[in-house]
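J.: Residue numbers (our numbering): 49 to 694. Dumping the structure here so I can ask a few things about it.
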Amino acid sequence: MTHDVRAAVSPAALWEEAMHLTEAGQLRRLSMAFARFVDSLGPVAPPLLLAALVLSELEGRGHSCLQMADLARDPAGLLGWTREQWQALAGSVAPLPKNAKAWAAQLAACEQVWQVGQFDYGAPLVFDGERLYLRRYWRDETLVADSIRARALATHPVESTGVRSWLDLLFASQRVQQKPDWQKLACAVALRGSVAIITGGPGTGKTYTVARLLALLFAVAPDAARQRIALAAPTGKAAARLKQSIDKALTDLAERVGEALPLRELTGRMGAARTLHSLLGARPDTRSFAHHAGNPLEVDVLIVDEASMVHLEMMACLLDALPPGATLILLGDKDQLASVEAGAVLGDLCHDAQSGGYSGATADYVFEASGEELPPEYLGHGGPLAQQTVMLRHSRRFGGPIGQLALAVNAGEADAAAAVLRGGGAGALRWIEGAHQHQVVTLALAGYQPCLELLRAGPQGAHEDWVRAVLQRFEAFRILCAVREGEWGVSGLNTAIEASLRAAGLLPRAGEWYVGRPVMVTRNDYGTRVFNGDIGLTLGDPARPGSLRVYFLEGDDVRSVLATRLRSVETAFAMTVHKSQGSEFSHTVLVLPEDRHGILTRELVYTGITRASTAFTLVTPHAPVLAEAVARRTHRASGLRHLIER
49 MTHDVRAAVS PAALWEEAMH LTEAGQLRRL SMAFARFVDS LGPVAPPLLL
99 AALVLSELEG RGHSCLQMAD LARDPAGLLG WTREQWQALA GSVAPLPKNA
149 KAWAAQLAAC EQVWQVGQFD YGAPLVFDGE RLYLRRYWRD ETLVADSIRA
199 RALATHPVES TGVRSWLDLL FASQRVQQKP DWQKLACAVA LRGSVAIITG
249 GPGTGKTYTV ARLLALLFAV APDAARQRIA LAAPTGKAAA RLKQSIDKAL
299 TDLAERVGEA LPLRELTGRM GAARTLHSLL GARPDTRSFA HHAGNPLEVD
349 VLIVDEASMV HLEMMACLLD ALPPGATLIL LGDKDQLASV EAGAVLGDLC
399 HDAQSGGYSG ATADYVFEAS GEELPPEYLG HGGPLAQQTV MLRHSRRFGG
449 PIGQLALAVN AGEADAAAAV LRGGGAGALR WIEGAHQHQV VTLALAGYQP
499 CLELLRAGPQ GAHEDWVRAV LQRFEAFRIL CAVREGEWGV SGLNTAIEAS
549 LRAAGLLPRA GEWYVGRPVM VTRNDYGTRV FNGDIGLTLG DPARPGSLRV
599 YFLEGDDVRS VLATRLRSVE TAFAMTVHKS QGSEFSHTVL VLPEDRHGIL
649 TRELVYTGIT RASTAFTLVT PHAPVLAEAV ARRTHRASGL RHLIER
């Protein structure tokens, strides 16, 4: 192993500039600590320490790797720094490699870096192609790529005639305005492979489609009674919504298929939808799960909803635990925000879903199995995964003003989005420009008042029915924020809203815990069965006067936990857009701050809009914030697509 002659150069200047960034809140102390750890392992060229700093910081911002091209060009945009901040840090390490190829050569020569294809001696950094990884993210990305590729290639023989008959029956009542019927087509595609991805925006019918797919799976299975099907989602709320939607759709289908298929009996054995943590058997205080390759899940088909929220490490664990013969079906909106943690797995897997890329063989199979003919513009030379990916393109719920706004934002058409907002959409849309915090508080007072008044009135009948009604009213309105801190963030707005509701007499005057306090769980707690992102409302305990319980709504079911048992919660009159994924509110208020650090993106605005079902309000301190956000797309460095193709 050769070492760079500049290994003896002191990195003191680098540490000094890094400390300035840390004190300014632009660099995590963890990133600084990781770079110092790399330095402690032996002689090192200062450019590697700079790369280690940047790589660790990018991991904290959702990237799974560092592309040499980004490092050579200027990663300030990825890091949310100013060009001056990057230049000051980079200038502390001189001379720097001149281009991506030179960076790659220098980093690959360091003993702290293992280059894929050479002897693996356990170095903390991995260099693969033109990408530098933290070792565990390289391992996770490789596992996901290998598993998805193998599953995409593992197609099953399908008896097309029988499938066609069942699909015609299952979709008989649907009036399709445009051809092809992508929902019907998706069922045919999913049936023949070990993996299927069904993506689409709100109202395109992802759960409607998968309910019919479930019926189809039961219908064609050699022994339907033994078919083991599991439903899962990243959060408890998303899991409950998935089960509720599928149960409703299957009830309707059961009447249609009649005695041809005992659908009620078969689906009754599926059990409740579960969080991914619960499905895999999460263990407290460890990253490992009970289920893995050595102890796989006992399932034949696994359906995962809201897959855009599944981060890289979780997807790797899921695929590791899934038996080779099982089928994985991922549902999600590829245009939503990616997970908070590193990786944008669904976005990477669905990158080319818009164009289709279906082969002639796929087109022939689809026509035989479903009667749907793929238009020529969707035929092409996509890889194996493209043949198992279907994008649902026609929204049945989002055809109104909210849908028009979401489409304009997703297309990057800021002027069109502004025009739709200012048009008001017959009362469905509102834009408060040049806003002040008190205007958001006023919206909150009006939005939460119906819930709090019902709460103050108390039960008029059965206690559980009253709790359910209170929770349903609370779920009808929500304020979403792009940031956590500051007057436009979750922290500042929750404090202001809470104070105003108390002043209006709608909440008790004091106390951390009080009747009417909405809380969000911030850490998984397996003892109480509450999970990160779950939202509940604090109410009195009828069995123990003076005690408080937090009640959670899961579909139509109500469950509760003593408030004193919940250790990791925060007040949730306002919440981040990230935490709102998997939820839907009648009226959604999206609050955008002044964007000083490039945090606002098209995906964030789109996700906020699509949480609303009836009314949407946008609040901005000044009008240009919307255009700035719509113009900026999320970019997460990843090698997943490259690894799948390789």
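Glycine is no exception: its CB is placed at the ideal position from the N, C-alpha and C atoms.
Closest by CA to Lys296, which one among Arg199, Cys235, Leu433 and Arg260?
T.: Measuring from the Cα of Lys296, the nearest candidate turns out to be Arg260.
J.: Along the chain, which unbroken stretches of the alpha helix (DSSP H) at least 4 residues long are found entirely within the segment 222–255?
T.: Listed in chain order, they are 230–239.
J.: Just to confirm my understanding: we take His24, look at its own chain, exclude 5 residues before and 5 after, and list those with CB closer than 8 Å. What are they?
T.: The shown model of the chain, from 49 to 694, leaves out residue 24, and the question about it has no answer.
J.: Which residues does DSSP pair with Phe175 in a beta bridge?
T.: Phe175 is bridged to Gln163 and Leu180.
J.: Quick one: grab the DSSP three-state call for Gln115.
T.: Strand at Gln115.
J.: Candidates Val637, Gly575, Arg504 and Pro371: which alpha carbon is nearest Arg478's?
T.: Comparing Cα-Cα distances from Arg478 to each of Val637, Gly575, Arg504 and Pro371, the minimum goes to Val637.
J.: Residues in the same chain with beta-carbon distance under 7 Å from Leu469, minus the five sequence neighbours each way, listed in chain order, please.
T.: The answer, listed in chain order, is Leu453, Leu477, Trp479 and Leu666.
J.: At what residue ranges does the segment 382–456 contain a whole run of the alpha helix (DSSP H), taking only runs of 4 or more?
T.: Entirely contained in the segment 382–456, the alpha helix (DSSP H) runs reaching 4 residues are, in chain order, 393–397, 408–418 and 432–435.
J.: Going by beta carbon distance, what residues of the same chain come within less than 6 Å of Leu69, once the five residues before and after it are set aside?
T.: Leu75.
J.: I need the DSSP call for Met67, collapsed to helix, strand or coil.
T.: Reduced to three states, the DSSP call for Met67 is helix.
J.: Counting pairs of beta carbons, one from the segment 562–580 and one from the segment 342–357, are three or more of them closer than 8 Å?
T.: Too few Cβ pairs lie closer than 8 Å, so no.
J.: Please confirm if the segment 674–681 is in contact with the segment 491–502, defined as three or more CB-CB distances below 8 Å between the two stretches.
T.: Judged by Cβ distances under 8 Å, the segment 674–681 makes no contact with the segment 491–502, as fewer than three pairs qualify.
J.: For Val237, which residues of its own chain have a beta-carbon under 7 Å away from its beta-carbon, when the five flanking residues on both sides are left out?
T.: Here the set comprises Ala244, Val414, Gln436 and Val438.
J.: Can you grab the Cα-Cα spacing for the pair Thr299 / Arg77, in whole Å?
T.: Whole-angstrom Cα-Cα distance: 53 Å.
J.: Considering only DSSP beta bridges, list what Ser608 is partnered with.
T.: Answer by DSSP bridge pairing, in chain order: Tyr599.
J.: According to DSSP, His340 sits in a beta bridge with which residue or residues?
T.: In the DSSP output, where bridge partners are listed per residue, His340 has Asn343.
J.: Near Gln487, what residues of its chain come up, given a Cβ to Cβ distance below 8 Å and the 5 sequence neighbours on each side ignored?
T.: Taken in chain order, the residues that qualify are Ile480 and Val667.
J.: Spatial neighbours of Ile583 within its chain, please: CB distance less than 6 Å, with the 5 preceding and 5 following residues excluded, ordered by chain position.
T.: Excluding positions up to five away in sequence, the list reads Met568 and Ala620.
J.: Here's the rule: buried if 16 or more other CB atoms are within 10 angstroms of the residue's CB, otherwise exposed. What is Tyr185?
T.: With 16 or more other Cβ atoms within 10 Å, it is buried.
J.: Tell me which same chain residues have a C-beta within less than 7 Å of the C-beta of Ser213, skipping the five on either side of it?
T.: Cβ neighbours of Ser213 beyond the five flanking positions: none.
J.: Of the residues Ala591, Ala465, Ala622 and Gly475, which one's Cα is nearest the Cα of Ser539?
T.: Here the closest residue by C-alpha is Ala622.
J.: Helix, strand or coil for Ala321 per DSSP?
T.: Ala321: coil per DSSP, three-state reduction.
J.: Helix, strand or coil for Val563? Go by DSSP, reduced to three states.
T.: Looking at Val563 - three-state DSSP - the assignment turns out to be coil, as it is neither helix nor strand.
J.: Express the C-alpha separation of Ser616 and Ala386 in angstroms, rounding to a whole number.
T.: Those two C-alpha atoms are separated by around 24 Å.
J.: Check whether the segment 601–608 touches the segment 626–635, taking contact to mean three or more Cβ pairs, one atom from each stretch, closer than 8 Å.
T.: Because the criterion of three Cβ pairs below 8 Å is not met, the segment 601–608 and the segment 626–635 do not touch.
J.: Would you be able to state if there are at least three C-beta pairs under 8 Å between the segment 189–208 and the segment 126–139?
T.: Result no; under three Cβ-Cβ pairs closer than 8 Å.
J.: Among the residues of its own chain, which have a CB less than 8 Å from the CB of Ala55, if the five just before and after it don't count?
T.: No answer about Ala55 holds up, because its pLDDT of 41 lies below 50 and its placement is not dependable.
J.: Could you spell out the range, first to last residue, of the beta strand (DSSP E) harbouring Trp479?
T.: Here the beta strand (DSSP E) through Trp479 covers Leu477 to Ile480.
J.: Distance check for Ala467 and Gly419, CA to CA, integer angstroms please.
T.: Cα to Cα, the separation comes out at about 40 Å.
J.: Have a look at Pro423 and Leu596 and give me their C-alpha separation to the nearest angstrom.
T.: Straight-line Cα distance between these residues: approximately 59 Å.
J.: Among the residues of its own chain, which have a CB less than 6 Å from the CB of Ala171, if the five just before and after it don't count?
T.: Here the set comprises Gln160, Val161 and Trp162.
J.: Between which residues of its own chain and Thr410 is the CB-CB distance below 7 Å, once the five residues before and five after are set aside?
T.: Here the set comprises Gln435.
J.: Please classify His484 as buried or exposed, where buried requires at least 16 neighbouring CB atoms within 10 angstroms.
T.: Looking at its Cβ environment, which holds fewer than 16 other Cβ atoms inside 10 Å, His484 is exposed.
J.: Is Lys149 buried or exposed, if buried means 16 or more other CB atoms sit within 10 Å of its CB?
T.: So Lys149 ends up on the exposed side.
J.: Going by other Cβ atoms of all chains shown within 10 Å of its Cβ, with 16 needed for buried, is Arg557 buried or exposed?
T.: Burial call: exposed.
J.: Give the straight-line distance between the Cα atoms of Met67 and Ser661, rounded to the nearest whole angstrom.
T.: C-alpha separation (whole angstroms): 46 Å.
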